[in-house]
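Enquirer: I have a structure I would like to understand better, so I am pasting it below and will then ask my questions one at a time.
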Amino acid sequence: MLLVYNSNINFLRRVITIFKWLQNEINNIAEKDPAVRFKIEVFLYPSLHAVINHKIAHFFQKRKLYFLARLISQISRFFTGIEIHPGAKLGNKIFFDHGMGIVIGETAEIGDNCVIYHGVTLGGVSTSKTKRHPTLKENVTVGTGAKLLGNIVIGKNVRIGANSVVLRDVPDEAVAVGIPARIIPKTEEDYYMWHI
Numbered sequence: 169m170l171l172v173y174n175s176n177i178n179f180l181r182r183v184i185t186i187f188k189w190l191q192n193e194i195n196n197i198a199e200k201d202p203a204v205r206f207k208i209e210v211f212l213y214p215s216l217h218a219v220i221n222h223k224i225a226h227f228f229q230k231r232k233l234y235f236l237a238r239l240i241s242q243i244s245r246f247f248t249g250i251e252i253h254p255g256a257k258l259g260n261k262i263f264f265d266h267g268m269g270i271v272i273g274e275t276a277e278i279g280d281n282c283v284i285y286h287g288v289t290l291g292g293v294s295t296s297k298t299k300r301h302p303t304l305k306e307n308v309t310v311g312t313g314a315k316l317l318g319n320i321v322i323g324k325n326v327r328i329g330a331n332s333v334v335l336r337d338v339p340d341e342a343v344a345v346g347i348p349a350r351i352i353p354k355t356e357e358d359y360y361m362w363h364i
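This note's numbering puts the first residue of the sequence shown at 169, with every later residue one more than the last.
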């Protein structure tokens, strides 16, 4: 009897945790997108669908149910236009703004509170079975059409400009733009530091 009671309590705790996570994701999208008029609208956002489906696919991927994980991932891609490999690791409060055409590779890692715009690729540059995709730390914003390629690390609070191609690590608090991406100063003081 005690075992059944403990199982029920654990199940309820998990359900509450899932609902709190979902509430945080909905609030995050509502805060980041000025087009949201009512929170109920967020349930129609491809970003929310992609993140939920990825959590499910990643759950199966970790349990070596690869086909099922990939099936969920592909169905999600079909409906959202956002392709996230089930092996990718996503933090909390990720917002795919518009989302269409986003590709996130198997060994990519995305930290909490990141914003990724449409047409972004977090891709690999090799076919090795090791870590070959980018890692984004917390609070990263990646502009439309940017390509981040290889086993690189994008630091905390970084902004990547639209259509940039990032092939090297980017330090914390930086702004990277261009093809190939280069670091540009955030302030006038930084401007003089870079141009002496």
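All residues carry an ideal CB built from backbone N, CA and C; glycine is no exception.
1. Between the Cα of P254 and those of G267, T248, A314, K232, spot the shortest distance and give me the residue it belongs to.
2. Taking C-beta to C-beta, are G318 and N331 nearer than 8 Å?
3. Cα-Cα, which of D337, G329, E306 is closest to V321?
4. Could you round the C-beta distance between L247 and L236 to whole angstroms and report it? I think they count as a contact, below 8 Å.
5. Which runs of the beta strand (DSSP E) fall wholly inside the region 280 to 351 and span at least 3 residues, in chain order?
6. Please return the same chain residues whose Cβ sits closer than 6 Å to the Cβ of H363, not counting the five positions on each side in sequence.
7. Please classify G311: is it buried, with 16 or more other beta-carbons within 10 angstroms of its beta-carbon, or exposed?
8. Going by the beta-carbon positions, is the gap between P202 and F264 smaller than 8 Å?
9. Along the alpha helix (DSSP H) that carries V210, what are the first and last residues, could you check?
10. Residue range of the beta strand (DSSP E) that I397 falls in?
11. Once the 5 residues before and after V183 are set aside, which same chain residues still bring their CB inside 7 Å of it?
12. Flag this pair as yes or no: are the beta carbons of V297 and D280 separated by less than 8 Å?
13. State the DSSP-derived secondary structure class of E274, mapped to helix, strand or coil.
Expert: The short version:
1. For the purposes of this step, residue 254 is identified with residue 86 of the sequence shown, where counting begins at 1. Answer by Cα proximity: K232.
2. Numbered from its first residue, the sequence shown carries residue 318 at position 150. Numbered from its first residue, the sequence shown carries residue 331 at position 163. No, Cβ-Cβ distance for G318 and N331 is not below 8 Å.
3. Position 153 of the sequence shown holds residue 321. The shortest C-alpha separation from V321 is found at D337.
4. For the purposes of this step, residue 247 is taken as the residue at position 79 of the sequence shown. For the purposes of this step, residue 236 is taken as the residue at position 68 of the sequence shown. The residue you asked about is not Leu; residue 247 is Phe in the sequence shown. Between F247 and L236, the beta carbon gap of about 17 Å keeps them out of contact (Cβ cut-off 8 Å).
5. 283 to 285, 289 to 291, 315 to 317, 343 to 345
6. Sequence index remark: in the sequence shown, residue 363 carries index 195 (1-based). Because H363 carries a pLDDT of 47, less than 50, the predicted location of this residue cannot be relied on, and no value is offered for it.
7. In the sequence shown, counting from the first residue as 1, residue 311 sits at position 143. G311 should be labelled buried.
8. Counted from its first residue, the sequence shown places residue 202 at position 34. Counted from its first residue, the sequence shown places residue 264 at position 96. Remark: C-beta atoms of P202 and F264 do not approach each other more closely than 8 Å.
9. The count along the sequence shown starts at 1 and reaches residue 210 at position 42. From DSSP, V210 is part of no alpha helix (DSSP H); its letter is neither H nor E.
10. Past the boundaries of the shown model lies residue 397; the chain is included only from 169 to 364, so the question cannot be answered.
11. Within the sequence shown, the letter at position 15 stands for residue 183. Once the five neighbours on either side are set aside, V183 has no close Cβ partner at all.
12. Here residue 297 refers to the residue found at position 129 when the sequence shown is read from its first residue. Here residue 280 refers to the residue found at position 112 when the sequence shown is read from its first residue. Per the sequence presented here, residue 297 reads as Lys, with Val not at that position. Not in contact: K297 and D280 (Cβ atoms no closer than 8 Å).
13. Position 106 of the sequence shown, counting from 1, holds the residue named residue 274. In the structure shown, E274 sits in coil (DSSP, three-state: anything other than H, G, I, E or B).
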